[in-house]
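Enquirer: These protein sequence lines map, in sequence, to chains A and B.
Quick note: the first sequence uses UniProt numbering, first residue 1, plus one each step.
Quick note: the second sequence uses UniProt numbering, first residue 1, plus one each step.
There are 2 protein chains.
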Amino acid sequence: MPENSCHAPTVVTCTAPVNIAVIKYWGKRDEELILPINSSLSVTLHQDQLKTTTTVACSRNFQEDRIWLNGKEEDINQPRLQSCLREIRRLARKRRSNEDTTGDVGILSQKVHICSVNNFPTAAGLASSAAGYACLVYTLAQLFGVEGELSGVARQGSGSACRSMYGGFVQWKMGERPDGKDSLAEQVEPESHWPELRVLVLVVSAERKPVGSTSGMQTSVETSRLLKHRADSVVPERMEEMISAIRRRDFAAFGELTMKDSNQFHATCLDTHPPIFYLNDVSRRVINLVHRYNRHYGETRVAYTFDAGPNAVIYTLQDHVKEFVQVVHHFFPPETKVGEFLKGLSVGSTSLPEELKKAIGMEPMPKGINYIISTKVGPGPCVIENPGLHLLGPDGMPKKSA
Amino acid sequence: MPENSCHAPTVVTCTAPVNIAVIKYWGKRDEELILPINSSLSVTLHQDQLKTTTTVACSRNFQEDRIWLNGKEEDINQPRLQSCLREIRRLARKRRSNEDTTGDVGILSQKVHICSVNNFPTAAGLASSAAGYACLVYTLAQLFGVEGELSGVARQGSGSACRSMYGGFVQWKMGERPDGKDSLAEQVEPESHWPELRVLVLVVSAERKPVGSTSGMQTSVETSRLLKHRADSVVPERMEEMISAIRRRDFAAFGELTMKDSNQFHATCLDTHPPIFYLNDVSRRVINLVHRYNRHYGETRVAYTFDAGPNAVIYTLQDHVKEFVQVVHHFFPPETKVGEFLKGLSVGSTSLPEELKKAIGMEPMPKGINYIISTKVGPGPCVIENPGLHLLGPDGMPKKSA
């Protein structure tokens, strides 16, 4: 833990990943503590392509806690931000009193400045709150010297943030306790477990902002009979099946269950009153495309999943990624070439067999997909050692570039 | 029952209505007998706007059973057609042996010619099989002098056809017997019960033919966990609620439950693997429009329901129909005037309050809806006495106009 004896702020910078659920989280049993009605499971995406970077500084000169998100100062008094700050400070105080070290209690009475940016456009419609809260909690913990289980704190910022506290394949066990102490994330397998697994984020052009997930899931819990049945009776066995498929690296089982669970989540949104729609006509075309592609090959080579928006996330294996990118490019012809259409990990090029195009047999839909981000499974949050990468300057204010 | 002593064919012509379910039928427990996994409930639409007309002729001169649908000869050997013909002939034989009348047994050994037309374009995407099979069974029964319960025969042509055997508000009780003898339609209230109730069919322009309902519901039964829960645990209480709402003429209760059940049906389609989509972006806009319209007035004035296709059927009350038609015309501006946009019962005109347009606050979507058919609750099948309206001529062949 860094120390400051002079007036210069103590500064820590970390990064944290985005995660994409394959068994979906939808619905809280406790709004305050953010306790879910079912367990969920996600894949952590690689930070080379998608990450949040957060710098936290503290100094006795700071008058108040402040936060800047993507270059804009935001209200630090949001209840969920306050929960995370309060919890981390509580854990830091607890740790110090246990260790009976009194020398650095000062830092806990200091105010913090927080600055956070995403390396992906907000317009991409990717849920950034999971990476954001995971990064905030991880960075605060570094600053205050808090170690050990932190997913329970991240969870209180944004439910799915708890899963971004680990790399690889991560489950969030719903827990049973009313105080939420057992509602924590846990790594199922590390990022090295399944090196062939690849991820494509298909960024769909959406007309407007859909219903937010916080209010959406609240309405679902209140009105959807099917959601209750899903949480009580369907998800428990799906969690076991999914963990087993991942352990065995069984792509067909993993992919089929991923698609079924995405569709069931969206089904419960439609069973909500009034109904919530996250999938649009482009999303539905992607779904049809994937099923026709797999049917052509007589095996599950590609699987889709959709969160609370129209973007598709595709899971596939290294051997098939190149062809599937071409398929997407063919059936959603962009204005740009494949090179500009595809961001992130390069995939190499290939030409499409005519019989594949014919078997899919869909009318191409120009500009339905803006671009693809190509990535893979990645590690959990990291500390950035290079002080040149801090987002806050020596004055504790955001650097111009941040 | 008409008789023929010479060689001229015996001819009967009847009409039967379309019905639109408010508690949906989706899924069979017996494919052969067409026995459903849950009860359902529908409103019979008025035949002035939507009907099937069927003429059946029999003659000792006919060499074989034949059928013409909408001007085109079709295969009489379809299993479902054969089920209906066989059942009606069996009932006729049974009745005659009971009555010990032997004089007219001859008619039963004669072949039939069947000619059937709809007064609405097939392109409208309205399920015509319910009206079609109801009309076929009703007409055959007239010809052969069969009386009494016929919905069990119509059910074996097309499940929902059993509900078109009655006017007004009709439930199809799923029954329990393996032989289906108790899986019958029953009138809940006659068409005169709720004279203020009005129906608007919003014909949406669809790109292509969706998955057929027979194969769709089969896949749903095999793969959707949510469908099973719906059928077992949700529909039984909804049937009671719906019957009570109709008896009380409580539009808010009727409308809310109608919308919820439509959405739950489409949710189970989405939970099917691979998923089935019947709603498109226009359907979803209609759904949002209805909820915003109702929210503006702080009460449920309008309700939607969708079958296995993108067309919306709107239930509302006489007092609101005029304004809602204008709302649809405003937010889905057609190329034509309101006059041509609206077919069927006239509704009168009105101007839209600016604050209503603002409250709905949607971007108008030109040509999303082709036209509206305005209708109301109507009676069950009828016999057409005027021989000029027979679809088959004295030679037993379709008249040119049919």
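All C-beta atoms in this analysis are idealised placements derived from N, C-alpha and C, irrespective of residue type, glycine included.
Just so you know, these numbers come straight off a predicted model, no measurement behind them.
Counting only beta-carbon separations shorter than 8 Å, does A/Ala267 have a partner in chain B?
Expert: Output row for A/Ala267: interface = yes.
Enquirer: In chain order, what residues of the same chain lie with their CB nearer than 6 Å to the CB of B/Gln187, ignoring the 5 residues before and after it?
Expert: Taken in chain order, the residues that qualify are Tyr166, Gly168 and Val170.
Enquirer: So A/Phe277 contacts chain B; which residues on that side make the cut at Cβ distance below 7 Å?
Expert: The answer, in chain order, is Arg284.
Enquirer: Please classify A/His390: does DSSP put it in a helix, a strand, or coil?
Expert: It is coil, neither helix nor strand.
Enquirer: For A/Ser349, does the count of other Cβ atoms within 10 angstroms reach 16, so buried, or fall short, so exposed?
Expert: Burial call: exposed.
Enquirer: Tell me which same chain residues have a C-beta within less than 6 Å of the C-beta of B/Val12, skipping the five on either side of it?
Expert: Excluding sequence neighbours, B/Val12 sits near Val56, Thr139, Gln142 and Leu143.
Enquirer: Who pairs with B/Gly19 in a beta bridge, going by DSSP?
Expert: Correcting the residue identity first, residue 19 of chain B is Asn in this sequence and not Gly. Looking at the DSSP assignment, B/Asn19 forms a beta bridge with B/Thr44.
Enquirer: With 8 Å as the threshold, decide whether the Cβ of residue 467 of chain A is near any Cβ in chain B.
Expert: Chain A is shown from 1 up to 402; residue 467 of chain A falls before or after that span and cannot be answered.
Enquirer: Got a sec, what are the start and stop residues for the alpha helix (DSSP H) A/Met80 sits in?
Expert: According to the sequence shown, residue 80 of chain A is Arg rather than Met. That run of the alpha helix (DSSP H) goes Pro79 to Glu99.
Enquirer: Using a Cβ cut-off of 8 Å (strictly closer), state whether B/Arg301 contacts chain A.
Expert: It does not: the Cβ of B/Arg301 has no partner Cβ on chain A nearer than 8 Å.
Enquirer: Could you tell me which residues DSSP puts in a beta bridge with B/Gln171?
Expert: DSSP, once it has assigned bridges, lists B/Leu41 and B/Glu186 as partnering B/Gln171.
Enquirer: For A/Phe120 and A/Gly396, which I take to be in contact (beta-carbon distance under 8 Å), what is that distance rounded to the nearest angstrom?
Expert: Not really, about 26 Å apart at Cβ, beyond 8 Å.
Enquirer: Taking Cβ positions only, does A/Val211 come closer than 8 Å to chain B?
Expert: Judged by the 8 Å Cβ criterion, A/Val211 is not in contact with chain B.
Enquirer: For B/Val290 versus B/Tyr278, is the C-beta distance shorter than 8 Å?
Expert: For B/Val290 and B/Tyr278, no; Cβs fall outside 8 Å.
Enquirer: List the endpoints of the continuous alpha helix (DSSP H) containing A/Ser129.
Expert: Here the alpha helix (DSSP H) through A/Ser129 covers Ser129 to Phe144.
Enquirer: Specify the secondary structure class of B/Asn4 as computed by DSSP and reduced to three states.
Expert: Note that B/Asn4 has pLDDT 46, beneath the 50 cutoff, so the model's placement of it is unreliable and no number is given.
Enquirer: Can you find the residues in the same chain that come closer than 6 Å, C-beta to C-beta, to A/Ser5, ignoring five residues on each side of it along the sequence?
Expert: Because the pLDDT of A/Ser5 is 48, which lies under 50, any placement of that residue in the model is unreliable, and the number read from its coordinates should be weighed accordingly. Counting only Cβ-Cβ distances below 6 Å, and skipping sequence neighbours, we find nothing.
Enquirer: Identify the contact partners of B/Thr260 in chain A, using a Cβ-Cβ distance below 7 Å as the criterion.
Expert: What sits at residue 260 of chain B in the sequence shown is Lys, not Thr. His273, listed in chain order.
Enquirer: With DSSP as the reference, label B/Ile67 as helix, strand or coil.
Expert: The answer is strand: DSSP assigns B/Ile67 an E or B state.
Enquirer: Using DSSP's beta-bridge definition, name the partner residues of A/Phe306.
Expert: Looking at the DSSP assignment, A/Phe306 forms a beta bridge with A/Ala312.
Enquirer: Does the CB of B/Arg230 have a neighbour CB from chain A at under 8 Å?
Expert: At least one chain A Cβ lies under 8 Å of B/Arg230.
Enquirer: Alpha carbon to alpha carbon, what distance is there between B/Thr219 and B/Gly309?
Expert: Approximately 17 Å between the Cα atoms of the pair.
Enquirer: So for B/Ser346, helix, strand or coil by DSSP?
Expert: DSSP places B/Ser346 in coil when its eight states are reduced to three.
Enquirer: Are there 16 or more other CB atoms within 10 angstroms of the CB of A/Arg155, so buried, or fewer, so exposed?
Expert: Burial call: buried.
Enquirer: Measuring only the C-alpha atoms, how far is B/Met1 from B/Glu385?
Expert: With a pLDDT of 45 at B/Met1, under the threshold of 50, the modelled position of that residue is not reliable, and the figure given next carries that caveat. So the two alpha carbons sit approximately 12 Å from each other.
Enquirer: Please report the residue range of the alpha helix (DSSP H) in which A/Arg292 lies.
Expert: Per DSSP, A/Arg292 belongs to the alpha helix (DSSP H) from Asp281 to Tyr297.
Enquirer: For B/Glu3, is the classification buried or exposed, using 16 other Cβ atoms within 10 angstroms of its Cβ as the cut-off for buried?
Expert: Residue confidence for B/Glu3 is low, a pLDDT of 47 falling below 50, so the modelled location carries little weight and cannot support an answer.
Enquirer: Looking only at C-alpha atoms, which of B/Cys14, B/Tyr371 and B/Asp30 sits nearest to B/Ser205?
Expert: The option with the nearest alpha carbon to B/Ser205 is B/Tyr371.
Enquirer: For B/Val153 and B/Ser129, I'd like the C-alpha separation in whole angstroms.
Expert: Each residue's alpha carbon lies about 14 Å from the other.
Enquirer: Can you list the residues of chain B that A/Leu270 reaches, using a CB-CB cut of under 7 Å?
Expert: The contacting residues are Asn263, His266, Ala267 and Leu270.
Enquirer: Would you call the CB atoms of A/Leu227 and A/Thr268 closer than 8 Å?
Expert: Result yes, Cβ atoms of A/Leu227 and A/Thr268 sit closer than 8 Å.
Enquirer: Buried or exposed for B/Thr53, please, with buried defined as at least 16 other CB atoms from any protein chain shown within 10 angstroms of its CB.
Expert: Classification of B/Thr53: buried, given that the 10 Å Cβ count is 16 or more.
Enquirer: Any chance the segment 30-44 of chain B sits against the segment 230-238 of chain B, with 3 or more Cβ pairs inside 8 Å?
Expert: Yes, they touch.
Enquirer: Are any of the Cβ atoms in chain A nearer than 8 Å to that of B/Arg225?
Expert: Yes, B/Arg225 counts as interfacial toward chain A.
Enquirer: Counting only beta-carbon separations shorter than 8 Å, does B/His291 have a partner in chain A?
Expert: Answer yes: the Cβ-Cβ gap between B/His291 and chain A drops below 8 Å somewhere.
Enquirer: Since A/Leu108 and A/Ala92 should fall inside the 8 Å C-beta cutoff, what is the C-beta to C-beta distance between them, to a whole number of angstroms?
Expert: About 6 Å; that satisfies the 8 Å criterion.
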